[in-house]
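Asks: Throughout, the numbering used here is defined as the position within the sequence shown, counted from one, plus 13.
Dropping a structure here in structure tokens format, bear with me for questions.
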Amino acid sequence: MDDDVRAYWLALHRVPGVGSHTFEALVREFGTPREVFAQRARARQWLRGPGAATALATPDWAGVERDLAWLNHPQHHLITLGEAAYPSLLREISDPPPLLFVAGDPALLKQPQIAVVGARNPTGPGRDSALHFARFLADTGLTITSGLAAGVDAAAHQGALAARGATVAIMGTGPDDIYPKKNLTLAADIVAHGGAIVSEYPTGVGPHKENFPRRNRIIAGLSLGTLVVEAAQHSGSLITARLATEYGREVFALPGSIHNPLARGCHELIRQGAKLVETAQHILEELGPLARFSLSSTMSPALAPLAGAGDALADTLLDAIGFEPTPVDTVIVRCGLAPDVVLSRLMVLELHGLVAAVPGGCYTRVLTRVEP
14 MDDDVRAYWL ALHRVPGVGS HTFEALVREF GTPREVFAQR ARARQWLRGP GAATALATPD
74 WAGVERDLAW LNHPQHHLIT LGEAAYPSLL REISDPPPLL FVAGDPALLK QPQIAVVGAR
134 NPTGPGRDSA LHFARFLADT GLTITSGLAA GVDAAAHQGA LAARGATVAI MGTGPDDIYP
194 KKNLTLAADI VAHGGAIVSE YPTGVGPHKE NFPRRNRIIA GLSLGTLVVE AAQHSGSLIT
254 ARLATEYGRE VFALPGSIHN PLARGCHELI RQGAKLVETA QHILEELGPL ARFSLSSTMS
314 PALAPLAGAG DALADTLLDA IGFEPTPVDT VIVRCGLAPD VVLSRLMVLE LHGLVAAVPG
374 GCYTRVLTRV EP
């Protein structure tokens, strides 16, 4: 799509009152955004709100120039609703965004994705769970999708990056305004490591609070399922989960302590039918067939025992732990392995439900290992 054609898509996108439904109706009726402006007298009947008719007569070409300037970068892309590059799952929702501004790899938007969302001020264990689950799921080949917010969202992106996996961040601001600012480095890392930053808003749009609930429909719409880690009642994460349910996608929730206010949202979701998950494998069992990937062929070698392929190191760790609470230092001595290797593998085994962390810096076996 050349700049002249894109300019009219961008100009129509900037007309006040032209949301997803109106944009799609106008293009369907007139064929192209250019024709909408050419036949603006007839197009006015589709428009609502002050300034809409005037904006058709005098488009915001200065704003369009800023959009085009942003797009004039090899890693910046525009995807329109009618293009083959537009993600098919997102097209299925009731109000798909007509335009997507993408920094990074736009092909990721068509890959199997799992949304990981939760509180902006999670507990330490909640943040750790988001990171560990995202790291594990990214290692299996799923793309981790979240909202680049502080807390659980940031941890989910970081977990995917730690696994050298793919992650997509959906913003509630324009593509030129990373929010919150403390995640500027994280956003840069996502793009630098093959991920994508996505927004439906044009350049110059700041962090208006009404935009964030709307961006949640994109998070839910792109994903095969949504995992809620920690969430207070009436939180944005529950909006994402509700939308996922409306779109016919899976919803997963981590249970927590009844004394933790941030567990109440997850418990409410579970009461409403969300799948309670304690290990990442619970998610893979649900999403594996949907994503059309084989666990045994896509897992990293560290995860192979759970697919029945066998792993001598995993067996060694399990033998070193036994069924009694065993300090990590004791596991390291028994295995004769470097501490970072032991800690990394213990995390994998814990996510699979084969071991559990217990008070005092100990681990214990909880399941018999899968024999090859």
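Yeah, the Cβ is synthetic: ideal placement off N, Cα and C, and Gly gets one too.
Using DSSP bridges, identify the partner residues of residue 288.
Replies: Residue 288 is bridged to 265.
Asks: Assuming contact is defined by CB atoms lying nearer than 7 Å, are residue 76 and residue 27 in contact in what I supplied?
Replies: Yes; because the gap between Cβ atoms is below 7 Å, this pair is in contact.
Asks: In terms of residue numbering, what span does the alpha helix (DSSP H) encompassing residue 238 cover?
Replies: Premise fails: residue 238 lies in the beta strand (DSSP E), 238 to 241, not in any alpha helix (DSSP H).
Asks: By Cβ distance below 7 Å, which residues in the same chain neighbour residue 59 in space, the five residues on each side in sequence not counted?
Replies: Within the same chain, residue 59 has close Cβ partners 35, 38 and 39.
Asks: By DSSP, does residue 87 sit in helix, in strand, or in coil?
Replies: Residue 87: coil per DSSP, three-state reduction.
Asks: With respect to the alpha helix (DSSP H) encompassing residue 153, which residues constitute its N-terminal and C-terminal limits?
Replies: No alpha helix (DSSP H) contains residue 153, which DSSP labels as neither H nor E.
Asks: Can you name, in chain order, every residue of its own chain whose Cβ lies under 6 Å from the Cβ of residue 257, other than the five neighbours on each side?
Replies: Excluding positions up to five away in sequence, the list reads 233, 239 and 264.
Asks: Using 8 Å as the threshold, is the region 171 to 182 in touch with the region 204 to 213, meaning 3 or more CB pairs across them?
Replies: Yes, the region 171 to 182 touches the region 204 to 213.
Asks: Three or more C-beta pairs under 8 Å: does that hold for the region 161 to 169 against the region 131 to 151?
Replies: Output reads yes: the region 131 to 151 touches the region 161 to 169.
Asks: Take residue 57 and list the residues in its own chain whose beta-carbon comes closer than 8 Å to its own, dropping the five residues that flank it on each side.
Replies: Excluding sequence neighbours, residue 57 sits near 65, 66 and 69.
Asks: Out of 151, 159, 109 and 115, point me to the one whose CA is closest to residue 81's CA.
Replies: Considering only alpha carbons, the answer is 115.
Asks: Can you tell me whether residue 22 is buried or exposed? The criterion is at least 16 other CB atoms within 10 Å of its CB, across all chains shown.
Replies: Classification for residue 22: buried.
Asks: For a minimum of 4 consecutive residues, which ranges assigned as the alpha helix (DSSP H) are wholly contained in the region 140 to 199?
Replies: With a minimum length of 4 residues, the continuous alpha helix (DSSP H) runs that stay inside the region 140 to 199 are 165 to 175.
Asks: Take residue 78 as the anchor and find which of 228, 211 and 216 has the nearest alpha-carbon.
Replies: The shortest C-alpha separation from residue 78 is found at 216.
Asks: Which residue marks the beginning of the alpha helix (DSSP H) containing residue 345, and which one marks its end?
Replies: Its alpha helix (DSSP H) spans residues 341 to 348.
Asks: Taking the alpha helix (DSSP H) that residue 250 falls in, what are its first and last residues?
Replies: 249 to 259 is the span of the alpha helix (DSSP H), which, as asked, contains residue 250.
Asks: Counting C-beta neighbours from all protein chains within 10 Å, is the total for residue 213 16 or more, i.e. buried, or is it exposed?
Replies: Its Cβ being crowded by 16 or more others within 10 Å, residue 213 is buried.
Asks: Any idea if residue 323 is buried or exposed, counting beta-carbon neighbours within 10 angstroms, 16 or more meaning buried?
Replies: Only weak support is given to the placement of residue 323: the predicted model assigns it a pLDDT of 41, under 50, and the value that follows is read from those uncertain coordinates. Classification for residue 323: exposed.
Asks: Going by C-alpha to C-alpha distance, which of 351, 355 and 342 sits closest to residue 328?
Replies: Considering only alpha carbons, the answer is 355.
Asks: Would you report the Cα separation of residue 112 and residue 190, rounded to the nearest angstrom?
Replies: Straight-line Cα distance between these residues: approximately 17 Å.
Asks: Name the DSSP beta bridge partners of residue 375, please?
Replies: Beta-bridge pairing links residue 375 to 340 and 371.
Asks: If you run the structure through DSSP and keep just helix, strand and coil, what is residue 52?
Replies: Correct three-state label for residue 52: coil.
Asks: Terminal residues of the continuous beta strand (DSSP E) containing residue 128?
Replies: Per DSSP, residue 128 belongs to the beta strand (DSSP E) from 126 to 130.
Asks: Where do the N-terminal and C-terminal ends of the beta strand (DSSP E) with residue 121 fall, by residue?
Replies: Premise fails: residue 121 is in no beta strand (DSSP E) and is neither H nor E.
Asks: For residue 212, does the three-state DSSP call read helix, strand or coil?
Replies: Strand.
Asks: What residue from 373, 359 and 51 has the CA that sits closest to residue 367's CA?
Replies: Among 373, 359 and 51, the Cα nearest to that of residue 367 belongs to 359.
Asks: Report, in whole angstroms, the separation of the C-beta atoms of residue 339 and residue 377, which I expect to be a contact under 8 Å.
Replies: Contact flag correct, Cβ pair sits at about 7 Å.
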